[in-house]
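Visitor: Following this message is one structure expressed as structure tokens.
In the numbering used here, the protein residues as written are 3 to 144.
In structure tokens:
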């Protein structure tokens with residue numbers, strides 16, 4: 003029984019990094035190399051949400067350490083975000099994040115692509131958006 007418990011503990015400790023990092027890294031590379039945009043959106047949304055989750059976890063660590071099942075809940079939630087059957091990251095991004103970006107002066111048109119100008123040709127009023135969104139005609143990163 004001792005060896006079985008040790009194996010189960012080892013597999014449980016590997017489940018987090020594999021689910022939260024290794025598979026998403028692999029799938030992100032595959033998405034970049036594919037010609038479709040749908041998988042790109044899924045993995046960009048995942049990394050946005052994973053970064054936000056990590057930051058919130060760091061902020062609330064003193065509270066979360068008192069919740070014994072926090073790591074299991076996080077693992078299940080991230081699995082829902084990651085697994086292609088659910089497309090949880092894209093769902094949360096569409097329903098919550100994109101709405102907040104539009105509500106608070108973020109860029110993006112009807113197609114969801116961010117530009118440095120709104121549909122009326124004027125620059126967005128939000129200074130943060132002007133800082134983050136590259137200008138058209140600017141130099142590309144690659």
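A virtual CB, placed ideally from N, CA and C, is assigned to each residue, including glycine. Being a predicted model, the structure only gives us computed values, none of them experimental.
What is the rounded straight-line gap between the Cα of residue 63 and the Cα of residue 23?
Guide: In a straight line, the C-alpha of residue 63 is about 20 Å away from that of residue 23.
Visitor: Apart from the five residues on each side of it in sequence, which residues of its chain come closer than 6 Å, Cβ to Cβ, to residue 41?
Guide: 33
Visitor: Are residue 18 and residue 77 touching if we call contact CB-CB under 8 Å?
Guide: yes
Visitor: Can you list, in chain order, the residues of its chain whose CB lies under 6 Å from that of residue 90, leaving out five sequence neighbours each side?
Guide: 82 and 83
Visitor: Evaluate residue 20 with the Cβ neighbour count: other Cβ atoms within 10 Å of its Cβ, from every protein chain shown; 16 or more gives buried, anything less gives exposed.
Guide: Residue environment: residue 20 is assigned as exposed (fewer than 16 neighbouring CB atoms within 10 Å of its CB, all protein chains considered).
Visitor: Is residue 14 buried or exposed, if buried means 16 or more other CB atoms sit within 10 Å of its CB?
Guide: Exposed: under 16 other Cβ atoms inside 10 Å.
Visitor: Could you check if residue 112 is buried or exposed, using at least 16 other CB atoms within 10 Å of its CB as the buried criterion?
Guide: Model confidence at residue 112 stands at a pLDDT of 48, short of 50, so the residue's coordinates are unreliable; what they give is reported in the following sentence. Exposed, by the Cβ-count rule.
Visitor: In this structure, how does DSSP classify residue 89 when only helix, strand and coil are distinguished?
Guide: coil
Visitor: Using beta-carbon positions only, say whether residue 92 and residue 44 come within less than 8 Å of one another.
Guide: yes
Visitor: So, with DSSP's three-state summary, where would you put residue 102?
Guide: helix
Visitor: Please list, in chain order, all residues of the same chain as residue 99 whose beta carbon is under 8 Å from its beta carbon, the five residues on each side excluded.
Guide: Taking C-beta separations shorter than 8 Å and ignoring five residues to either side along the sequence, the partners of residue 99 in its chain run 47, 50 and 51, following chain order.
Visitor: For residue 3, report the span of its alpha helix (DSSP H) as first-last.
Guide: Premise fails: residue 3 is in no alpha helix (DSSP H) and is neither H nor E.
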